[in-house]
Structure formats: structure tokens, C-alpha cells
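Numbering (this note's numbering), first residue to last: 93 to 478.
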């Protein structure tokens, strides 16, 4: 029993194990076959998802043909489903036997019985309802032939014990599938950004990198990920990179306020294109089961690529003046305020005043927050080049 329960829960995270589970139950109870049926209560359809037959001579191709034939001929509710609905038997965690639904003489007069049940040589039937929420129901059905009819009391007891576990296992499977779909969508969204993004743990190890980050690193010979750590071959740029990441992780671990701005890695000595980096702390949430704790977001920008948002978009979105939009771009591209003032031909005091106005209009408070905002909007609003 413990092995069957273990397989039931393993199916939640590894659906491919479902065939092993059906096989194990049929072997333990001396049953002949098993099917997994999805019932759409709104559309009034049945769909067979998988099938197991206790016959070494039946190939996977034959099983697939049987599943396809069932779905072609009995896609609409069959008599068993109709009776289960009428009698209110589709309750999650419930075990339904044939006599719960209809006396066999009545069942035997139906086309469904003659064209499917009898064709397979089945006689007795039991269904475990693992999911039922008013919209859909998933039932795992077991059948025996005439020589093993009816289900023994021991088999009935075991199926009823399995019912609750299967209900919980399928609920877990649904939750995991929902999270997987959401995770995949999030990862695709991160790959669609036009700037690089890496997630680092509290030991500065890279946990994740999106596609633009991989492209920036691959295109710059001075940058590399070694032993899961982003490194730069140029000592000065390596120190700048390390300081950015270390400060962000320290802030994440100890709640230290952020007071730094993007840094430009000068890679021109190697003939490579300059890259701006900006680290952002991720507050860690410890878990004894987690192998690593994300602690830092690291943004990468290729400064020779299209820079940030066009100034007219910044002006329209935040009602900036052209000069304010320009200084926001300079900060987002990794230049210090002093360097930005010099490039724009302004005094440092004038640049500080403009930057304060930019903070007020964009709802940011520090240079790294402004840089992250502009880079994020650039990634979302610029089309990704193929």
C-alpha cells in the first residue's frame, strides 16, 4: 500500500510515472486494465488521457489506437458518466463501483457497454474520482474480467484508501502545473527584455540569466561566467563589478539602504564594447530546503547598442524637459552625475537640481532606482531584434 501511495504522489510532479502507477495497482489487485478519464462537465465530454492493459502482447501502439478510438466514438458523455452525475457520485476522493451506478443488466443493454466494455472483455468496474470542481472531473478507472469478478473486499478497501491520496495528489499536480505555466511565461518575458538580467545568490553565484545577458557575456571576451560566478578579466572592471554585487547582496542580507548608481565597465582595452552594470538587492527569504537564496538582481547593458528609451518617450511618459530626459538617459547608461554633467556641459549643481526634478517626476529616490526604471521600460517598450 505504501508503494502505491508513493507512486500516486510521485505522479503529481512526474506525470510520466502515471503508467507505472496504473500497472502497480492492477498487479496488486489482480485487475485487468485501467484508464484515466477527463470529464468536462461544462462541455459534456469525456477524454481518455491514458490506458493500461495487463497483457504483455498489447503494444504501446495498440493502446494508443484504443485511446484514440474511445475518444472518437465516446467523446460525449457515456451512460456511466451520466448516471454518476445524476446520482451525485462525482465527488473528489470518492470511489465508485458499478453497482453504485446501475445494475449490470441495465448497463449491458447500452451501446457503450456492447461497443467498448464488452469489446475489451471487461465486467466489473470501479472509478476513483481524484478531481471534481464543478467544471471538470478526473477519474481513474479500473476494470476486471468475468473470471475475476467481482472486486474482492480487500480490493474495495484498498481502492477506497487510495481515493483520498489520489485526490490530494491530483490537486498538488494541478497546483504544480499552474506554477509551471506561470514560471514558463515569466521566463519568456525575461528573455524578451532588451537588457541583460542575472539573478545571483547570497554567495554571488549565478542562479539565472536571461537571453540578452547570455548574448552580452558571449559577445564580450573580457566577461565570462566561471564556476557560476560572473567575472571580468580586467582588474579594475572586475573590482567595480564585484563591489556592485557585494553591496547589493549586503543590502539584501542586512536591509542596508541603496546609495549607489550604475557602473560602466570599461572594456575598451580588450577591443570589446563597454557594458553598464547595475545591481539591485533582493531581500532573502530563508528556507531550510532551498539550496540557494536569491539576493541580487544584476542588470547588464551594452552601451553600444540602442540606448535606453528615446528621449521623446521619456518626455511623454514623465513630462520631463529635454534636459531632464537627457540626464535620465545618462544615469541609466551607467555614467556618474559628474560625468553626465560634463557630457551635457552643465555645472554639477545644475545637474543635481535637474536630477532632483527627475526623481520627483518618475517617483524614484536614487540613481540606481532611476536607472532600473529606465532600463526596464526600455526592455518592455523596444521590440526585440531577432
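We put the CB at the ideal spot given by N, CA and C, even for glycine.
Among residues of its own chain, excluding the 5 on either side of residue 374, which ones have a beta-carbon nearer than 7 Å to its beta-carbon? In chain order, 344, 386, 387, 388 and 389 place their CB closer than 7 Å to the CB of residue 374, counting only its own chain and leaving out the 5 sequence neighbours on each side.
Can you find the residues in the same chain that come closer than 6 Å, C-beta to C-beta, to residue 115, ignoring five residues on each side of it along the sequence? Around residue 115: 144.
Would you mind stating whether residue 187 and residue 218 have Cβ atoms separated by less than 8 Å? Contact flag set, yes.
Inspect the beta-carbon positions of residue 141 and residue 129 and report whether they are closer than 8 Å. At a Cβ-Cβ threshold of 8 Å, residue 141 and residue 129 count as neighbours.
For residue 288, the three-state DSSP class (helix, strand or coil): Correct three-state label for residue 288: strand.
Which value, in whole angstroms, describes the spacing of the CA atoms of residue 445 and residue 453? Across the structure, residue 445 and residue 453 are spaced so that their CA atoms are roughly 13 Å apart.
Could you confirm whether any beta carbon from chain C is found closer than 8 Å to the beta carbon of residue 151? The structure shown contains no chain C, having only a single protein chain.
Locate the beta strand (DSSP E) running through residue 175, then write down its first and last residues. Premise fails: residue 175 lies in the alpha helix (DSSP H), 171-178, not in any beta strand (DSSP E).
Would you please state the rounded distance, in angstroms, between the beta carbons of residue 436 and residue 423? I believe it to be under 8 Å. So it is not a contact: roughly 11 Å between Cβ atoms.
Start-to-end residues for the alpha helix (DSSP H) that takes in residue 427: Neither: residue 427 is in no alpha helix (DSSP H) and is coded neither H nor E.
Residue 101 versus residue 233 - alpha carbon distance: Straight-line spacing of the CA atoms in residue 101 and residue 233 works out to 17 Å.
If you count every other CB in all the chains shown that lies within 10 Å of the CB of residue 478, and 16 or more means buried, which is it? Because the pLDDT at residue 478 is just 38, under 50, the model does not fix this residue reliably, and the value given afterwards should be weighed accordingly. By the beta-carbon neighbour count (other beta carbons within 10 angstroms, threshold 16), residue 478 is exposed.
Span separating the alpha-carbon of residue 315 from that of residue 393: Cα to Cα, residue 315 sits roughly 13 Å from residue 393.
Would DSSP call residue 311 helix, strand or coil? When secondary structure is reduced to three states using DSSP, residue 311 falls in the helix class.
Span of the beta strand (DSSP E) holding residue 142? Counting along the chain, residue 142 sits inside the beta strand (DSSP E) bounded by residues 137-145.
Does the contact criterion of 3 or more C-beta pairs under 8 Å hold for the region 263-281 versus the region 101-111? By the criterion of at least three beta-carbon pairs nearer than 8 Å, the region 263-281 is in contact with the region 101-111.
Let me know if residue 274 comes out buried or exposed under the rule of 16 or more other beta-carbons within 10 Å of its beta-carbon. Exposed.
C-alpha gap between residue 451 and residue 310, whole angstroms: Answer to the nearest angstrom: the Cα atoms are 34 Å apart.
Can you say whether residue 288 is buried or exposed, counting buried as having 16 or more other CB atoms within 10 angstroms of its CB? Here residue 288 is buried. Its C-beta has 16 or more other C-beta atoms within 10 Å.
Grab the span of the beta strand (DSSP E) containing residue 322 for me, first residue to last. Unbroken beta strand (DSSP E) run through residue 322: 321-324.
List the DSSP bridge partners of residue 233. Per DSSP, 127 and 219.
May I have the straight-line CA-CA distance separating residue 282 from residue 336, to the nearest angstrom? Residue 282 and residue 336: Cα-Cα distance of roughly 22 Å.
Rounded straight-line distance, which links the Cα of residue 167 to that of residue 157: If I take the Cα positions, the gap works out to 15 Å.
Taking the beta carbon of residue 467 as the centre, do at least 16 other beta carbons fall within 10 Å, making it buried, or is it exposed? Around the beta carbon of residue 467, 16 or more other beta carbons lie within 10 angstroms, which makes this residue buried.
Under 8 Å Cβ to Cβ from residue 179, same chain only, skipping five residues before and after it: list those, please. Apart from the 5 residues on each side of it in sequence, residue 179 sits with its Cβ closer than 8 Å to the Cβ of 192 and 193 in its chain, given in chain order.
Taking DSSP as the reference, what is the three-state secondary structure of residue 341? It is helical.
Taking only runs of the alpha helix (DSSP H) that begin and end inside the region 97-125, which ones reach a length of at least 4 residues, in chain order? With a minimum length of 4 residues, the unbroken runs of alpha helix (DSSP H) contained wholly in the region 97-125 fall at 110-121.
Name the DSSP beta bridge partners of residue 300, please? Answer is 291, bridged to residue 300.
Can you name the residues that DSSP bridges to residue 316? Paired residues: 323.
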